[in-house]
Structure formats: C-alpha cells, structure tokens
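K.L.:
What follows is a structure written as structure tokens; I'll ask about it next.
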Amino acid sequence: MEEPKRRSGRQRRRPSRRSESHDAAHALAHTPSKIPDHPLVPQDPPDVITSNDALDELVEAVRAAGVFAYDTEFIGEET
Numbered sequence: 004m005e006e007p008k009r010r011s012g013r014q015r016r017r018p019s020r021r022s023e024s025h026d027a028a029h030a031l032a033h034t035p036s037k038i039p040d041h042p043l044v045p046q047d048p049p050d051v052i053t054s055n056d057a058l059d060e061l062v063e064a065v066r067a068a069g070v071f072a073y074d075t076e077f078i079g080e081e082t
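Under the numbering used here, the first residue of the sequence shown is numbered 4, with each subsequent residue one higher.
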C-alpha cells in the first residue's frame with residue numbers, strides 16, 4: 004500500500020477569532036487605569052508565589068479566612 008503524498012511547506016491558515024480578538028485588544032497603546040480608592044481593592048503590587056512554602060502559607064491563610072474568590076478573564080471564541 005502506498006503512503007499518501009505530503010504537501011511541501013506549510014499551508015497558511017486563516018487567523019482564528021481568538022487571534023483576531025487578541026490583536027485588536029492589543030492594537031492600541033493605553034495608559035493603565037488608576038486603581039480605585041476603595042478599602043476592598045488592594046493598592047500594593049501582587050505577590051508572586053515562587054515556592055511551595057509560600058503556597059502552603061497562602062492556602063492556610065485562605066482556609067483561616069473561610070472565604071475565597073477567584074476571578075479569571077479570557078477571550079471567548081464564540082461564547
């Protein structure tokens with residue numbers, strides 16, 4: 004049985020909606036918004052967790068607080 008012939012080179016694909024949305028969102032330079040002056044909005048830069056010990060400490064703090072909220076943002080392709 005003969006193997007099918009492969010096309011030489013790569014076929015160009017049309018950009019996905021996600022790619023188009025990403026490009027549009029980053030096309031214009033902007034100045035970051037001012038952080039609102041509100042007691043529930045942190046003013047400090049975020050802490051980056053880089054070790055297991057720091058992660059364990061965070062998990063314990065969240066458990067002790069008894070409440071946790073996690074917000075994610077994404078560009079949906081067709082949502």
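Cβ atoms here follow ideal geometry from the backbone N, Cα and C, with glycine treated the same way.
For the alpha helix (DSSP H) containing residue 62, list its first residue and its last residue.
P.N.:
Where residue 62 is concerned, the enclosing alpha helix (DSSP H) stretches over 55-68.
K.L.:
By the three-class DSSP mapping on this structure, what secondary structure does residue 26 have?
P.N.:
Helix, per DSSP.
K.L.:
How close, in whole Å, do the beta carbons of residue 46 and residue 38 come, if the pair is a contact with beta carbons under 8 Å?
P.N.:
At roughly 6 Å, the Cβ-Cβ gap stays under 8 Å, so residue 46 and residue 38 are in contact.
K.L.:
Measure the C-alpha to C-alpha separation of residue 19 and residue 75 and round it to an integer number of angstroms.
P.N.:
Those two C-alpha atoms are separated by around 21 Å.
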